[in-house]
Amino acid sequence: MRLSQMLLVTLREDSAEAVIPSHKLLLRAGYIRRIGSGVYAYLPLMWRVLQKVSQIVREEMNATGAQECLLPQLQPSELWQESGRWDTYTKAEGIMFAFADRQGRNVAMGPTHEEVITAIARDMVRSYRQLPLHLYQIQNKFRDEIRPRFGLLRGREFIMKDGYSFHTDPESLKETYQDMDKAYRRMLERSGAEYRAVEADSGAIGGSGSQEFMVLAEAGEDEVLYTEDGQYAANVEKAISLPPDAETSPFSQYEKRETPNTPTIASLAKFLKCPPTAIVKNVLYEAVYDNNKAVLVIVSIRGDQDVNEVKLQNEMAKLAPSFEAKGLLELTVPDAEAQKKWAAKPLPLGYMGPDLSDDFISGKEIHPQFVRMVDETAVDLENFVTGANETDYHVVGANWDKDFKKPGIVVDVRTAMVGDRAVHDNSQTLQTARGIEVGHIFQLGTKYSEAMGATYTNENGEEVPLVMGCYGVGVSRLAQAVVEQSHDKDGIIWPVAIAPYHVIIVVPNVSDDKAMNAAQSLYDELNALGIETLLDDRDERAGVKFKDADLLGIPYRIVTGRSLKQGKVEVVQRATKEAQDIALDEVITTLKQWVDEAIG
RNA sequence: CCGGGUGUAGCGCAGUUUGGUAGCGCGUCUGCUUUGGGAGCAGAAUGUCGCAGGUUCAAAUCCUGCCACCCGGACCA
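Residue numbering for the first sequence follows this note's numbering, beginning at 108 and increasing consecutively.
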């Protein structure tokens, strides 16, 4: 491609809409343009990058035996009603663009395709002889993110590879899951990303084991906890660790004390001169189930620890059947407004005990008793301090089953923290990093196949539900994540494998016929060899061209300039800025070799 | 959804307090000069001032309503 003919508009200044480097650079270098909030046009250079990433993904998927297909983006509500996700996706999470067509039918723009694929499997898979089966697609997904941000990193329309596998049993699923783990690692390595695979929460999508692939970058929206020995890495939402040991409580007598102005753990510990680990704090949450029933839960946890809301959400979801519900819609800390709806009398906020009376609850919309849970960190505490259910009063020297009934539900809902000891080896401590989630693999099990009646006939002639897995890669997100990792003050530094072009030939002076001719023949020869080459034949000053070449991030730059007199051209590597003069008749083979080595 | 902010030329912004013919830089176009790191000189074009009402002789500026976008939070397979 000749730059004189290409739609290339670079900006000298950063666009006001971007805050992180990768977003700024993609806009400045003319790769993308914003069309609406979270909606972007992929301009010609970006589209080439996206096609390269897609192709890497495609090759690695095909190598595992997965088959590519293309599923509809427009999906009827019936399928989502069947899986039970219509309400959670249109109301609770509200992440699905849904609307009624002119006949009044409800339809949605696909945020994901479990329902569609399960319907297909239900129709087409009859026998164990057809299994295992793995279908995938690469296409646009739609999610009504409340707050899109960071360009392609959190858009409302984005490109994703999603694959779904079907199995006779969990063992077969595990095999494919392992294959995907390997395939994903290869994809990310080939794309030139520095990444980490971490244990993840499987969230609303359901299922058992799941793993996320994080591209490490400061701008990442997720926190990753890991150990130096490489044995453990998890998203903070999922991470477990050993909490610090509790210090012995200075109290031995159970008594109520006046503790004015101590609504926080820090203020209370200071006032009582006791360690935070001797305090049991009680946190109130309000859960709303998909039958619109609201339930209040009191979580008792050691004072120095924080509740991990993702873990708590999972615990509350498990309780759904006891409230005649299928799933959890939302979990919030009830603010003053929310409390008004059900509080019979003002709550002793900051001074609640594990035994806060159910009398505080009134109203029809709400379950009349508190659900009471205790985190593992608070189970074994002795002589602890906790709220006295009266503002400005606490009790000290308390013990479970003597002074307080121990809650029946013992759970792990604490947030693991950097510096905690690791579970697998307590000499290892957790380190922290930020990551951009570019891939997520799940073992779904039979959640969707059961809900939607997708069954097959096994060797014994029995009809049983398909065992499923699903696997996603954010293609557009990955492309930008790589830029987030790989840039310098002058612009993007593309890894060769996903660069829009491998080489850019810069002609500093287009009115110099010799320079133009040399450039032209190099351009022809390189392209003929499959080395994707740009020719900057614009009538611009050399400085402008160099600046643009750096900004665009093309891995190799050839300059047909002053060294031409010696029969040489200058070749510059974008990543290192290393420059060398190479004889005209050697340039082609040298570059061919470099590109081949880089792509592997 | 809560809170904060911004909407003026393709991009970045000033002008709004105190109403009076809409500006600057970059970019774009023309000409001459220049030609290896975002050139110089001369000239030119480019605007429903987010939208709709209102006040006023007169509104980018004041008032009311709405919309869009950005930031923090909440949220986020």
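Just so it is clear, CB atoms sit at the ideal spot from N, CA and C, and this is done for glycine as well.
Cut-off 8 Å between Cβ atoms - residues of its own chain near residue i, not counting five sequence neighbours on either side
i: Glu365; result: Asp499, Tyr500
i: Thr195; result: Ala311, Asp397, Gly434, Leu436
i: Ile266; result: Leu157, Ser161, Ile245, Gln246, Asn247, Lys248, Gly581, Val582, Ser583
i: Gln360; result: Val503, Gly504
i: Ser144; result: Pro255, Arg263
i: Val694; result: Leu629, Ile665, Val676, Val678
i: Val520; result: Val406, Ile408, Val414, Asn415, Lys418, Leu419, Glu422, Met480, Asp482
Contact set for residue i: own chain, Cβ-Cβ below 7 Å, skip 5 residues either direction
i: Ala226; result: Leu186, Met559
i: Leu110; result: Leu641, Leu642, Asp643, Asp644, Arg645
i: Val617; result: Met623, Asp644, Asp646
i: Leu454; result: Gln446, Phe467
i: Trp507; result: Lys513
i: Leu177; result: Gln244, Gln246
i: Lys400; result: Phe430, Ala432, His474
i: Pro382; result: Glu354, Ala376
i: Ile706; result: Val603, Ala604
i: Val702; result: Val603, His609, Ile638
Contact set for residue i: own chain, Cβ-Cβ below 6 Å, skip 5 residues either direction
i: Phe257; result: Ile127, His130
i: Pro514; result: Arg479, Met480, Val481
i: Ile543; result: Val322, Ala324, Gly327, Ala588
i: Val525; result: Leu537, Thr539
i: Ile468; result: Trp449, Pro475
i: Thr334; result: Ala529, Gln535
i: Leu403; result: Glu393, Phe477
i: Glu591; result: Ser129, Ala324, Ala326
i: Thr275; result: Tyr235, Leu238
i: Pro615; result: Ala649, Gly668
i: Val545; result: Phe320, Val322, Gly581, Arg584, Leu585, Ala588
Assumed close pair residue i, residue j - CB separation to whole angstroms, cut-off 8 Å
i: Ala485; j: Arg409; result: 5 Å
i: Gln338; j: Asp532; result: 7 Å
i: Leu259; j: Ala586; result: 7 Å
i: Ala572; j: Ser556; result: Sequence check: residue 572 is Pro here, not Ala. The pair is a contact, with the Cβ atoms about 4 Å apart (cut-off 8 Å).
i: Pro357; j: Tyr458; result: About 20 Å separates the two Cβ atoms, so there is no contact after all.
i: Gln246; j: Glu175; result: Not quite, the Cβ-Cβ distance comes to about 10 Å (not below 8 Å), so this is no contact.
i: Asp462; j: Phe511; result: 5 Å
i: Ser348; j: Asp487; result: That belief does not hold up - the Cβ atoms of Ser348 and Asp487 are roughly 17 Å apart, past 8 Å.
i: Arg263; j: Phe249; result: 7 Å
i: Val156; j: Ile605; result: 6 Å
i: Tyr563; j: Leu238; result: 7 Å
i: Thr219; j: Asp269; result: 6 Å
Exposure label - residue i; buried when at least 16 CB within 10 Å
i: Thr696; result: exposed
i: Asp336; result: exposed
i: Met203; result: buried
i: Ile611; result: buried
i: Ile253; result: exposed
i: Val582; result: buried
i: Asn415; result: buried
i: Arg681; result: buried
i: Asn169; result: exposed
i: Phe206; result: exposed
i: Val440; result: exposed
i: Gly172; result: exposed
i: Pro255; result: buried
i: Pro607; result: buried
i: Met231; result: exposed
i: Asn389; result: buried
### Message
With three or more beta-carbon pairs closer than 8 Å as the criterion, would you say the stretch 472-492 touches the stretch 354-372?
### Response
The stretch 472-492, when compared against the stretch 354-372, does touch it at the 8 Å Cβ threshold.
### Query
Is the number of C-beta pairs between the stretch 314-334 and the stretch 291-303 that are closer than 8 Å three or more?
Taking 8 Å as the limit for Cβ pairs, the verdict is that the stretch 291-303 does touch the stretch 314-334.
#### Entry: Whole beta strand (DSSP E) elements within the stretch 299-352, 3-residue minimum
Runs found: 302-306, 317-323, 329-333, 340-342.
### Task
Examine the Cβ distances between the stretch 425-440 and the stretch 389-407 and report whether three or more of them are shorter than 8 Å.
Counting Cβ pairs under 8 Å, three or more are found: they touch.
### Task
May I have a chain-ordered list of the alpha helix (DSSP H) segments no shorter than 4 residues that lie completely inside the stretch 623-660?
649-659
### Query
If you scan the stretch 158-231 from start to end, which runs of the beta strand (DSSP E) of 3 or more residues do you find wholly inside it?
181-183, 204-207, 213-216
### Task
Inspect the CB distances between the stretch 599-608 and the stretch 649-667 and report whether three or more fall short of 8 Å.
yes
### Message
Restricting to runs no shorter than 4 residues, where is the alpha helix (DSSP H) found entirely within the stretch 524-587?
### Response
DSSP runs (the alpha helix (DSSP H)) wholly in the stretch 524-587: 554-559.
### Message
Any contact between the stretch 175-193 and the stretch 280-298? By contact I mean 3 or more CB pairs, one from each, below 8 Å.
### Response
Output reads no: the stretch 280-298 does not touch the stretch 175-193.
### Inside the stretch 383-413 only - alpha helix (DSSP H) runs reaching at least 4 residues
For the stretch 383-413, not a single whole alpha helix (DSSP H) run of length 4 or above is found.
#### Entry: Inter-stretch contact (C-beta, 8 Å, three-pair minimum) for the stretch 371-378 and the stretch 562-579
no
### Message
Ignoring anything shorter than 4 residues, give me the alpha helix (DSSP H) runs that lie fully in the stretch 413-489, in order along the chain.
### Response
416-425, 443-447, 483-486
### Task
Enumerate, from N- to C-terminal direction, the unbroken beta strand (DSSP E) stretches of 3 or more residues contained entirely within the stretch 670-705.
675-680, 686-690
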